[in-house]
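S.K.: Questions regarding the structure given below will be posed in turn.
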Amino acid sequence: MTGYTYTVFILIIPLVMFLITGLLGMKWKPIVSGLMGTTGMGISWVLSLITAGSYFFGGHHAESFQTIIPFEMTWLRFSETLIIKMGILLDPISVMMLVVITTISFMVHLYSIGYMHGEKGFQRFFAFLSLFTFSMLGLVIATNIFQMYIFWELVGVSSFLLIGFYYQKPSAVAASKKAFIVTRFADLGFLIGILILSFVTGTFDFGKLTEPGTAIFGSAASMSFMGVSALTWAMTLIFIGGAGKSAMFPLHIWLPDAMEGPTPVSALIHAATMVVAGVFLVARMFPVIHFQAPAAQEIIGYVGGFTSLFAAVIAITQYDIKRVLAFSTLSQLGYMMLALGVSGYGGEEGLGYMASMFHLFTHAMFKALLFLGAGSIIHAVHSNYMYDMGGLRKYLPITHITFLIACLTIAGVPFLSGFFSKDEILVAALHHNKILFAVEFIVAGLTAFYMFRLYFSVFWGKDRHYHHTPHESPLIMTIPLMFLAVASIFAGYLPFHHLVTSDKIGFVTEMNYMVAVPSVLIGLLGIAVAWILYKKESDVPAKLAKQWGILYTATYNKFYFDEIYLFVTRKIIFNYISRPIAWFDRHIIDGFMVGIGTVTEKASYKIKGMQSGQLQHYAFAFIAGALSLALSMIYFLMK
Amino acid sequence: MIQGIPLEHFLIVSTIMFFIGICGFIIRRNLITMLMAIELILNSVNINFVVFNRYLYPDQLQGQFFSLFIVGIAAAEASVAIALIINIYRKMQNIEVENVNELKF
Chain A
1414 MTGYTYTVFI
1424 LIIPLVMFLI
1434 TGLLGMKWKP
1444 IVSGLMGTTG
1454 MGISWVLSLI
1464 TAGSYFFGGH
1474 HAESFQTIIP
1484 FEMTWLRFSE
1494 TLIIKMGILL
1504 DPISVMMLVV
1514 ITTISFMVHL
1524 YSIGYMHGEK
1534 GFQRFFAFLS
1544 LFTFSMLGLV
1554 IATNIFQMYI
1564 FWELVGVSSF
1574 LLIGFYYQKP
1584 SAVAASKKAF
1594 IVTRFADLGF
1604 LIGILILSFV
1614 TGTFDFGKLT
1624 EPGTAIFGSA
1634 ASMSFMGVSA
1644 LTWAMTLIFI
1654 GGAGKSAMFP
1664 LHIWLPDAME
1674 GPTPVSALIH
1684 AATMVVAGVF
1694 LVARMFPVIH
1704 FQAPAAQEII
1714 GYVGGFTSLF
1724 AAVIAITQYD
1734 IKRVLAFSTL
1744 SQLGYMMLAL
1754 GVSGYGGEEG
1764 LGYMASMFHL
1774 FTHAMFKALL
1784 FLGAGSIIHA
1794 VHSNYMYDMG
1804 GLRKYLPITH
1814 ITFLIACLTI
1824 AGVPFLSGFF
1834 SKDEILVAAL
1844 HHNKILFAVE
1854 FIVAGLTAFY
1864 MFRLYFSVFW
1874 GKDRHYHHTP
1884 HESPLIMTIP
1894 LMFLAVASIF
1904 AGYLPFHHLV
1914 TSDKIGFVTE
1924 MNYMVAVPSV
1934 LIGLLGIAVA
1944 WILYKKESDV
1954 PAKLAKQWGI
1964 LYTATYNKFY
1974 FDEIYLFVTR
1984 KIIFNYISRP
1994 IAWFDRHIID
2004 GFMVGIGTVT
2014 EKASYKIKGM
2024 QSGQLQHYAF
2034 AFIAGALSLA
2044 LSMIYFLMK
Chain B
691 MIQGIPLEHF
701 LIVSTIMFFI
711 GICGFIIRRN
721 LITMLMAIEL
731 ILNSVNINFV
741 VFNRYLYPDQ
751 LQGQFFSLFI
761 VGIAAAEASV
771 AIALIINIYR
781 KMQNIEVENV
791 NELKF
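Residue numbers (this note's numbering), protein chains in the order written: chain A, 1414 to 2052; chain B, 691 to 795.
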């Protein structure tokens, strides 16, 4: 059981790097901070790989993977039952997440040295990257749900700091506030969920909560509120927290705006790691959700399915390449949630669970690649908009090839990683819910279409008027691209069904050709349509857009969800809730306090003349008082 | 010597002295006169001490000692008060108490 104590360092190194670069970074040359952060991250990465290697392939697991807790300490002890601990928990999903986070983070660190070169606040950027990595790692290895919540909020803060990195830009400030407020609002649900859950079960520990067939839910079944059991409430509320971080509909509005942050940040936080925290949370609580709150699981499935369709449709009409990728991320996150929503527990029943984790893994690789590629393009062209780009394949050969690989992967072309993971999600959906399967099937086609729309209009078509000839990014930026491209190709060959499963026991999967062949065909169809429409410049897309009229405009404006939220908050909540409260505060609470002050002041003005400075007045008052006291005493005592 | 004089007579004298002192303190404007009024008040109290001592506890002496203390302290107080009055005179060229009214709101 022991022997994993070194995993503590995976967590501590980024924290130390954050403190060093954050406190002392400004005293050194910028590059020193960059190199230190990257080196530290590299060490963490190697340690994570060693951990994963010995955990998965070390061979000390008899038939199922054991949960290992190499380190745990009591952090706060409020009472005998209410104890908050901090520790490290290793099980298949947390070890997998360690690998994902450190890999992407290391690549992004490396890439940022090139991308952020010469930017003001270079040191600050690396300090925040380290802080984020630390928080995210702390989140995935949490031994109890409260530790997870603490790191969950830390992740939110570092995301806020990084989105608002260009704090002189009003749009970046607005985006960071939006992201923070929306996720914080969702976290309220998470917190209430935690409280209900721990009230019902009397424990925070994942070990006790997720053990199948455990007795701690014995008393819970009888508790209910508004006709729904307490556990369903708890799980739904916890899912709301997860939906906020993972930008599920209708809390998705912050993610597209979060693209205001620097592109490496988008790759790390808003594509590969932080946004999958919600998926991870649901996966972590999966046994509880599946056995105790099947209604919540239904909700998760449908929310995931709807989000994936909704986001894919919007992605078709966007012109900002980072926003296309953001909506694509939403759509893929929807896939993962859906897979968890349709999953069963144990063996082949748990296919959805395993597929979700598998897709999380492969998606992290190819979506980080796409974002870093987009960063490379933006670096070359100095614009985010697709209509400022065209014919870039000649100028950016490495970016072109790696981007193409990523597009093929996400489109589900056979033998690349995305194909395997997406296929398994589709199979899982087909077994459990035909409607969700149909939705995902359509989304697969849409995904291929919008990715290749992006690809063709950026790399093919006519040259635009560039300020200077676009040039390929330096090697320090292309190495991560190449690494991630290789990872995107081969990640699909990892035997996930033996490693990461719902009950930690491996099972055998077979290719389901009934699903695989049509899904590949619809992917190829999507690519073909994109080829026809966008390979050569034509006015066909514009004409089509005009034909669709209102529908197109609505989609382009993201179905006016931002406007709806603005309306609800500004017009309804501000006017009918905030204003009365503010009025009450200003006039009643403040008025009372101010009133006390005013009365005292006015009264003092009236009576201050009594202090005349005349000694004899005082003496007279004193003696008169003493006499009247004496007389009244005599009067009352004699009576 | 004081045999035959009842206690009340002493008390009446001392009370009259006390109120003369108080009236003097409140009415007179001259600081020196006010100081003299205070001496009257103190001495009326002295009479009380001595008389009560003599009439109630003839074999003890605390009351008389107390009056001696009061005489001593009154001397000290008079010297301080006269020093203050001299300073006030130097500053204001008179010793009228109405003029000493700077310590107010």
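Virtual Cβ for every residue (Gly too), placed ideally from N, Cα, C.
Please classify A/W1961 as buried or exposed, where buried requires at least 16 other C-beta atoms within 10 Å of its C-beta.
M.R.: By the neighbour-count rule (16 or more Cβ atoms within 10 Å), A/W1961 is not buried but exposed.
S.K.: Return helix, strand or coil for B/D749, following the three-state DSSP convention.
M.R.: Coil.
S.K.: Would the beta-carbon of A/Y1926 fall within 8 Å of that of A/V1794?
M.R.: Contact: no.
S.K.: By Cβ distance below 7 Å, which residues in the same chain neighbour A/T1434 in space, the five residues on each side in sequence not counted?
M.R.: Same-chain partners within the cutoff: S1446, M1449, G1450, Q1536, F1539, A1540, S1543.
S.K.: Counting only the same chain and skipping the five closest in sequence on each side, list residues whose C-beta sits under 6 Å from that of A/S1741.
M.R.: Excluding residues within five positions, the ones whose Cβ falls inside 6 Å are A1728.
S.K.: Leaving aside the five residues before and after A/L1722 along the sequence, list all residues of the same chain whose C-beta is less than 6 Å from its C-beta, in chain order.
M.R.: Same-chain partners within the cutoff: V1852, V1856.
S.K.: State yes or no: is the C-beta of A/F1850 within less than 8 Å of the C-beta of A/L1843?
M.R.: The answer is yes: Cβ separation under 8 Å.
S.K.: Check whether the region 1508-1517 of chain A touches the region 1682-1694 of chain A, taking contact to mean three or more Cβ pairs, one atom from each stretch, closer than 8 Å.
M.R.: Output reads yes: the region 1682-1694 of chain A touches the region 1508-1517 of chain A.
S.K.: Terminal residues of the continuous beta strand (DSSP E) containing A/I1482?
M.R.: First-last of the beta strand (DSSP E) with A/I1482: 1481-1490.
S.K.: CB-CB under 7 Å to A/M1414, same chain, minus the five flanking residues each way: which ones, in chain order?
M.R.: Because the pLDDT of A/M1414 is 46, which lies under 50, any placement of that residue in the model is unreliable, and the question is left without a value.
S.K.: With distances taken Cα to Cα, identify the nearest neighbour of A/E1493 among A/F1547, A/G1615, A/V1459.
M.R.: Closest option to A/E1493, Cα to Cα, is A/G1615.
S.K.: Would you say A/L2028 faces chain B, with C-beta separation under 8 Å as the test?
M.R.: By this cut-off, A/L2028 is an interface position.
S.K.: Any contact between the region 1694-1706 of chain A and the region 1745-1762 of chain A? By contact I mean 3 or more CB pairs, one from each, below 8 Å.
M.R.: Touching, yes, given that three or more Cβ pairs across the two stretches are closer than 8 Å.
S.K.: Between A/F1484 and A/G1471, how many whole angstroms is the CB-CB distance? I'm expecting something under 8 Å.
M.R.: Going by Cβ atoms, the distance from A/F1484 to A/G1471 rounds to 18 Å, so no, they are not a contact pair.
S.K.: Classify B/Y745: buried if its beta carbon has 16 or more other beta carbons within 10 angstroms, exposed otherwise.
M.R.: Flag for B/Y745 reads exposed.
S.K.: From A/L1428 to A/A1555, what does the alpha carbon distance come to, in whole angstroms?
M.R.: Cα to Cα, the separation comes out at about 16 Å.
S.K.: Please confirm whether A/Q1536 has its beta-carbon closer than 8 Å to some beta-carbon of chain B.
M.R.: By this cut-off, A/Q1536 is not an interface position.
S.K.: Between A/Q2027, A/G2038, A/A2016, A/C1820, which has its C-alpha nearest B/E792's C-alpha?
M.R.: Of A/Q2027, A/G2038, A/A2016, A/C1820, the residue nearest in Cα terms is A/Q2027.
S.K.: Going by the beta-carbon positions, is the gap between A/F1832 and A/G1905 smaller than 8 Å?
M.R.: In this structure, A/G1905 lies closer than 8 Å to A/F1832 by Cβ.
S.K.: List the residues of chain A whose Cβ lies closer than 7 Å to the Cβ of B/E788, in chain order.
M.R.: Those are Q2027, listed as they occur along chain A.
S.K.: Can at least three beta-carbon pairs, one atom from the region 1802-1815 of chain A and one from the region 1867-1886 of chain A, be found at a separation below 8 Å?
M.R.: Because the criterion of three Cβ pairs below 8 Å is met, the region 1802-1815 of chain A and the region 1867-1886 of chain A touch.
S.K.: At 3 residues or longer, what runs of the beta strand (DSSP E) sit wholly inside the region 1823-1909 of chain A?
M.R.: Entirely contained in the region 1823-1909 of chain A, not one beta strand (DSSP E) run reaches 3 residues.
S.K.: Does the distance from the C-beta atom of A/I1653 to that of A/I1607 stay below 8 Å?
M.R.: No. Outside cutoff.
S.K.: Taking A/L1821 as the reference, give the member of A/Y1417, A/I1496, A/F1869, A/A1656 with the closest Cα.
M.R.: Residue A/F1869 is the option with its Cα nearest to A/L1821.
S.K.: Give the secondary structure of A/V1641 by DSSP, where H, G and I count as helix, E and B as strand, and everything else as coil.
M.R.: Looking at A/V1641 - three-state DSSP - the assignment turns out to be strand.
S.K.: Measuring CA to CA, which of A/P1908, A/Q1745, A/Y1800 is closest to A/E1923?
M.R.: Looking at the Cα atoms, A/P1908 is the closest of the given residues.
S.K.: Ordered along the chain, which non-local residues of its own chain (more than five positions away) have a Cβ less than 6 Å from that of B/G714?
M.R.: So the list reads A727, once near-sequence residues are dropped.
S.K.: Does A/L2032 get closer than 8 Å to chain B when you measure Cβ to Cβ?
M.R.: According to the sequence provided, residue 2032 of chain A is Ala. The question's Leu does not apply to it. So, interface residue.
S.K.: Quick check on DSSP: helix, strand or coil for A/M1499?
M.R.: In the structure shown, A/M1499 sits in a strand (DSSP, three-state: E or B).
S.K.: So, with DSSP's three-state summary, where would you put A/I1517?
M.R.: Three-state result, A/I1517: helix.
S.K.: Can the beta-carbon of A/M1900 be found closer than 8 Å to that of A/S1834?
M.R.: Rather than Met, the amino acid found at residue 1900 of chain A in this sequence is Ala. Taking 8 Å as the Cβ cut-off, A/A1900 and A/S1834 do not qualify as a contacting pair.
S.K.: Write down the C-beta distance between A/F1704 and A/I1506 rounded to the nearest angstrom, noting that I regard them as a contact closer than 8 Å.
M.R.: Not quite, the Cβ-Cβ distance comes to about 18 Å (not below 8 Å), so this is no contact.
S.K.: For a contact meaning CB atoms closer than 7 Å, what does B/H793 contact in chain A?
M.R.: Looking at the sequence shown, residue 793 of chain B is not His but Leu. Here the neighbours are G2026.
S.K.: Relative to the alpha-carbon of A/G1453, which residue among A/I1892, A/I1838, A/I1425 has its alpha-carbon at the smallest distance?
M.R.: Considering only alpha carbons, the answer is A/I1425.
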